[in-house]
Amino acid sequence: MKFFGLLSVIIVGFLLLSATKDFPNWGDEDSPANSGPVSSFYIEKTEEKTKVPNMVTAVLADYRGYDTMFETVVIFIAGIGIIAVLRTYGSNESIPKNQVGDEGAGLLARMTCSLILPFIQLFALYVVAHGHHSPGGGFQGGVMLGASYILLALAYGLARAKSCFSEKRTLVFAALGIFIYVGWGVLCLVMGSEFLNYSALDSILPGGVEMARSHSMLAVEIGVALTVTAIMFSMFSNLSTKGRLDKGL
Amino acid sequence: MSELLNIFSIILILSGLVFFLGASIGILRFPDFYTRMHAAGKGDTLSTILIMSGMAIQVIGDFEGSSVLVAIKILAIAVLIMLTSPTSTHLLMKAGYDDGIIPVSKDKKTKINDLGGPFLKDSLSEKSVAKKKTATKKRVKK
Amino acid sequence: MDFILICSGIALFLMMLPIMYRIVVGPTAIDRIVAVNVIGTKTAVLLIIIGALFHNVAMFVDFAIAYAALNFLGSLAAARYFNRTRPAYGQVSQEGGDADE
Amino acid sequence: MDIIIASFLEDSIVPKFNYWIYVILMMIGLYAMITKNNLIKKLIGMAIFQTAIILLYVSVGVKADANIPIISHHGEKDHVEHAQNENLDSASEASSHHGSKKEHHVIDKNKFANPLPHVLMLTAIVVGVSTLGLALAISQKVHGSFGTLEEDEILDQLRPGGYD
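Here you go:
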């Protein structure tokens, strides 16, 4: 088995490597991917049309809005799937009350976490809100914010984290994020344009068409960040307790 | 940037590299887990702080508004690592201690119970060890 | 100045190699995790140096903060995992599995 | 012989080293997925495979003299201004100094990396995290009902006549 596995892997690798001689060189500016009309349009026109210097955020939240919307739905479905697979309800008397993990990770870790947790959460909000001008956005900031709750659960025990971010609240937040995203698209529809065409919102948002698109991206990113935060924490708490949500890792 | 500041930052960066060399050799060469942890915790943190300070001085340059902000962020990373790296080393050390890793000693006679810690005399009982051993044996036989 | 930055970056990378050796052969699992932790903090430093080489530290510093914070999260989770599973060995084993992956 | 090796090195390894790295990473991941017996190790192989694909896409979007795809007007005045002065004619520069919002810099597309692969890979990473989480949940469930994560033992138990 090992031999055949190795043989097939080497054959696949050889085929792929023999195909690379038709590929563009490293750093080639005239390769089809780099000189194509789509990416040139994104680089040259994004800031003019949306007033967002970070092209990745602009392309992610505006030009490819459908893609990102269903990406958020994918995360939501993954979280729901994990809950459906793992979560067990009912009595948990069979678990012994040794609870090594319930009181957290000791005084030193608690002290450190209480010092750096506000910093991490503030930085996560900065990443979400400043994603137009610096690397960041909804996914990244959501992961940071979810990581802060995971840190809380690791240091103080899962019960403490659940008192801040209970299971019900997790699911509500996850659904709320998608609701914000889709609702923003429907708002565009109501204002007389296509779904997720933010330029229709210039009559209710200040600053003209470009700034309307920029602000809409911020709203959409906030929705993405809510969903990602909630689902990350839900994933951690379900996976680390085998779906019982009683004692932390 | 003044020449003096530049030289100062270069000295900071190079000294950080020297301390990191110590940490890396220590992690490579020390004989057992606890001493390796020693090298990792101290040398790593100090070298990070030194290099970060040097880079912050580099970035500040001619004291513009935005570059001061960047320098503050870099120093924030240094503070973050200064807080977190010893903490994680301590926690991992505690985990290894509870795990029953035996420290190396000259006469090689130190047993796990000699240290007087809350070791796994009863929790890692002989029964569970035997059970695990038979389970692995069963796998190997297959 | 660029020369010194490049040299220090390469030196950092070369000094990571012994630690990577420790990741590969480390006798215990916790050895490996400590080595990964050290490499994580050094990666944050390396990101700052790369940013200075690209004259764009303002952008790269955000990556470095995120990396440093998440690195601590990883080692804390590993420490909690090893701290919990082993002492609870005998008690948890009654429900079939001894540790969750 | 040396000449052949040297020309091979010069033609297909040095200018295309990113593909070599991605193929090697992908082979590691594929080997782990095929031959490893433990389900968690298979998942680790899958994660390495995804990383290789991400590396391929991102490395295709690299340009030689390019920076990250974020246009920065503020901050690092000296470098950015210096970089943009090369492709500014004097008229637009004068107007931009007046701070009028309508006038924009002419953006040289060779100064910025291709943003499209970054966006695609951002979504790919998100899908990777989702699938990995779900796969871990399912393997926990497998461990709960079979007591093991080794593939052959699970197959033994599933086979009719196996011990169970």
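In order, the protein sequence lines correspond to chains A, B, C and D.
Number 133 in the numbering used here belongs to position 133 of the first sequence; there are no gaps in the numbering.
Throughout, the numbering used here is defined as the position within the second sequence, counted from one, plus 249.
Throughout, the numbering used here is defined as the position within the third sequence, counted from one, plus 391.
Throughout, the numbering used here is defined as the position within the fourth sequence, counted from one, plus 492.
Note that beta-carbon positions come from the ideal geometry of N, C-alpha and C, so glycine has one too.
Please read all numbers here as calculations on a predicted model, not as lab measurements.
Check: What residue from Glu48(A), Tyr63(A), Leu218(A) has the CA that sits closest to leucine 125(A)'s CA?
Finding: As a working mapping, residue 125(A) is identified with position 125 in the first sequence. It is Leu218(A) whose Cα lies nearest to the Cα of leucine 125(A).
Note to self: I'd like the ranges of any alpha helix (DSSP H) spanning at least 4 consecutive residues and lying wholly in the segment 2 to 27 of chain A.
What the structure shows: For the segment 2 to 27 of chain A, whole alpha helix (DSSP H) runs of length 4 or above, ordered along the chain, are 2 to 19.
Note to self: Please give the ranges of any beta strand (DSSP E) in the segment 101 to 162 of chain A, keeping only runs that are unbroken, at least 3 residues long and fully inside the region.
What the structure shows: Counting only unbroken stretches of 3 or more residues, no beta strand (DSSP E) element lies wholly within the segment 101 to 162 of chain A.
Next item on the list: Report the residue from Pro607(D), Thr623(D), Glu643(D) whose alpha carbon sits nearest the alpha carbon of valine 550(D).
Entry: Within the fourth sequence, the letter at position 58 stands for residue 550(D). The residue with the shortest Cα to Cα distance from valine 550(D) is Pro607(D).
Next item on the list: Output the distance between the C-alpha atoms of isoleucine 350(B) and tyrosine 283(B), rounded to the nearest integer angstrom.
Entry: For this step, residue 350(B) is matched to residue 101 along the second sequence. For this step, residue 283(B) is matched to residue 34 along the second sequence. Approximately 9 angstroms between the Cα atoms of the pair.
Notebook entry, point to check: Tell me the DSSP bridge mates of asparagine 530(D)?
Noted result: Residue numbering aside, residue 530(D) sits at position 38 when the fourth sequence is read from its first letter. As a beta-bridge residue in DSSP terms, asparagine 530(D) pairs with Glu642(D).
Check: What are the residues that DSSP puts in a beta bridge with asparagine 54(A)?
Finding: By 1-based counting over the first sequence, the position of residue 54(A) is 54. The partner list for asparagine 54(A) (beta bridge, DSSP) reads Ile562(D).
Checklist line | Stretch-stretch touch, CB-based, cutoff 8 angstroms, three pairs: the segment 326 to 337 of chain B with the segment 450 to 462 of chain C | finding: When C-beta atoms of the segment 326 to 337 of chain B are compared with those of the segment 450 to 462 of chain C, three or more pairs fall below 8 angstroms, so the two segments count as touching.
Note to self: Three or more C-beta pairs under 8 angstroms: does that hold for the segment 67 to 74 of chain A against the segment 211 to 226 of chain A?
What the structure shows: With the cut-off at 8 angstroms, the segment 67 to 74 of chain A and the segment 211 to 226 of chain A touch.
Item checked: For phenylalanine 661(D), the three-state DSSP class (helix, strand or coil) -> The structure shown does not extend to residue 661(D), since chain D spans only 493 to 656, so no value can be given for it.
Notebook entry, point to check: Closest by CA to isoleucine 563(D), which one among Ile456(C), Met450(C), Met392(C), Pro418(C)?
Noted result: The residue labelled residue 563(D) in the question sits at position 71 within the fourth sequence. Nearest neighbour of isoleucine 563(D) by Cα position, chosen from Ile456(C), Met450(C), Met392(C), Pro418(C), turns out to be Met450(C).
Checklist line | Backbone secondary structure at serine 252(A) - three-state DSSP | finding: Nothing can be reported for residue 252(A): it is not among the residues displayed for chain A, which extend from 1 to 249.
Next item on the list: Please work out which residues of its chain come closer than 7 angstroms, Cβ to Cβ, to phenylalanine 123(A), disregarding the five sequence neighbours upstream and downstream, and give them in chain order.
Entry: Taking the first residue of the first sequence as position 1, residue 123(A) is located at position 123. So the list reads Met144, once near-sequence residues are dropped.
Check: Expressed to the nearest angstrom, what Euclidean distance is found between the alpha-carbon atoms of leucine 535(D) and glycine 207(A)?
Finding: Counting from 1 along the fourth sequence, the entry for residue 535(D) is found at position 43. Counting from 1 along the first sequence, the entry for residue 207(A) is found at position 207. Roughly 48 angstroms separates the two Cα atoms.
Check: Got a sec: is the Cβ-Cβ distance from glutamate 71(A) to anything in chain D below 9 angstroms?
Finding: As a first step, residue 71(A) is located in the first sequence; it is residue number 71 there, counting from the start. A Cβ of chain D is located within less than 9 angstroms of the beta carbon of glutamate 71(A).
Margin query: Give the list of continuous alpha helix (DSSP H) stretches no shorter than 4 residues that lie fully inside the segment 201 to 243 of chain A.
Written below: Taking only runs of at least 4 residues, the alpha helix (DSSP H) segments lying wholly in the segment 201 to 243 of chain A are 208 to 240.
Notebook entry, point to check: Distance, Cα to Cα, serine 234(A) vs glutamate 167(A)?
Noted result: Counted from its first residue, the first sequence places residue 234(A) at position 234. Counted from its first residue, the first sequence places residue 167(A) at position 167. Serine 234(A) and glutamate 167(A): Cα-Cα distance of roughly 7 angstroms.
Next item on the list: Return helix, strand or coil for aspartate 557(D), following the three-state DSSP convention.
Entry: The count along the fourth sequence starts at 1 and reaches residue 557(D) at position 65. In this structure, aspartate 557(D) counts as coil in the three-state DSSP scheme.
Check: Should aspartate 503(D) go down as buried or exposed, given a rule of 16 or more other Cβ atoms within 10 Å for buried?
Finding: Counting from 1 along the fourth sequence, the entry for residue 503(D) is found at position 11. The residue is exposed, with fewer than 16 neighbouring Cβ atoms inside 10 Å.
Notebook entry, point to check: Using a Cβ-Cβ distance under 9 angstroms, would serine 564(D) count as near chain C?
Noted result: One-based indexing of the fourth sequence puts residue 564(D) at position 72. Serine 564(D) counts as touching chain C.
Next item on the list: Grab me the residues of histidine 590(D)'s own chain with a C-beta within less than 6 angstroms of its C-beta, minus the 5 sequence neighbours each way, in chain order.
Entry: The residue labelled residue 590(D) in the question sits at position 98 within the fourth sequence. Residue placement at histidine 590(D) is flagged as unreliable, the pLDDT there being 45, under the threshold of 50; the coordinate-derived value follows with that caveat. So no residue of the chain qualifies.
Check: In chain order, what residues of the same chain lie with their CB nearer than 6 angstroms to the CB of leucine 152(A), ignoring the 5 residues before and after it?
Finding: Within the first sequence, the letter at position 152 stands for residue 152(A). Closer than 6 angstroms at Cβ, skipping near neighbours: Ala161.
Next item on the list: Answer with yes or no whether the minimum CB distance from asparagine 602(D) to chain C is below 9 angstroms.
Entry: Indexing the fourth sequence from 1 puts residue 602(D) at position 110. Any Cβ of chain C closer than 9 angstroms to the Cβ of asparagine 602(D) would place that residue at the interface, and such an atom is absent.
Checklist line | Residue from Gly442(C), Asp453(C), Ala420(C) with nearest C-alpha to tyrosine 472(C) | finding: For the purposes of this step, residue 472(C) is taken as the residue at position 81 of the third sequence. Selected option, being the one with the closest Cα: Ala420(C).
Note to self: For glycine 157(A), tell me which candidate among His215(A), Leu176(A), Gly192(A), Thr241(A) has the shortest Cα-Cα distance.
What the structure shows: Within the first sequence, the letter at position 157 stands for residue 157(A). Per the Cα distances, Thr241(A).
Notebook entry, point to check: When you compare only the Cα positions, how much space is there between valine 425(C) and isoleucine 495(D)?
Noted result: Locating residue 425(C) in the third sequence gives position 34, counting from the first residue. Locating residue 495(D) in the fourth sequence gives position 3, counting from the first residue. So the alpha carbons of these two residues sit roughly 45 angstroms apart.
Check: Between the segment 318 to 337 of chain B and chain A, which residues of the former have CB atoms less than 7 angstroms from a CB of the latter, in chain order?
Finding: Here the close residues are Leu329, Leu332, Thr333, Thr336.
Checklist line | Buried versus exposed call for valine 516(C) [16 or more other C-beta atoms within 10 Å across all chains shown] | finding: Coverage of chain C is limited to positions 392 through 492, which leaves residue 516(C) absent and any answer about it impossible.
Notebook entry, point to check: How about valine 38(A): is its C-beta nearer than 9 angstroms to some C-beta of chain C?
Noted result: Here residue 38(A) refers to the residue found at position 38 of the first sequence. Judged by the 9 angstroms Cβ criterion, valine 38(A) is not in contact with chain C.
Note to self: When you compare the CB of leucine 493(C) with every CB in chain A, is at least one pair closer than 9 angstroms?
What the structure shows: Nothing can be reported for residue 493(C), as the shown portion of chain C is limited to 392 through 492.
Note to self: So, with DSSP's three-state summary, where would you put valine 353(B)?
What the structure shows: For the purposes of this step, residue 353(B) is taken as residue 104 along the second sequence, with counting starting at 1. Correct three-state label for valine 353(B): coil.
Margin query: For proline 609(D) and asparagine 54(A), what's the separation of their Cα atoms in angstroms?
Written below: Indexing the fourth sequence from 1 puts residue 609(D) at position 117. Indexing the first sequence from 1 puts residue 54(A) at position 54. Approximately 14 angstroms, taken between the alpha carbons.
Checklist line | Where the alpha helix (DSSP H) through isoleucine 496(D) begins and ends | finding: Working through the fourth sequence from its first residue, we reach residue 496(D) at position 4. Here the alpha helix (DSSP H) through isoleucine 496(D) covers 494 to 500.
Item checked: Buried or exposed by the 16-neighbour rule on C-beta atoms within 10 Å, applied to arginine 213(A) -> Within the first sequence, the letter at position 213 stands for residue 213(A). Classification for arginine 213(A): buried.
Next item on the list: Pick out whichever of Leu340(B), Ile276(B), Leu270(B) has its Cα sitting closest to the Cα of serine 296(B).
Entry: One-based indexing of the second sequence puts residue 296(B) at position 47. Nearest C-alpha to serine 296(B): Leu270(B).
Next item on the list: Please check if any C-beta of chain C sits within less than 9 angstroms of the C-beta of leucine 253(B).
Entry: Within the second sequence, residue 253(B) is the residue found at index 4, counting from 1. Leucine 253(B) has a beta carbon lying at 9 angstroms or more from every beta carbon in chain C.
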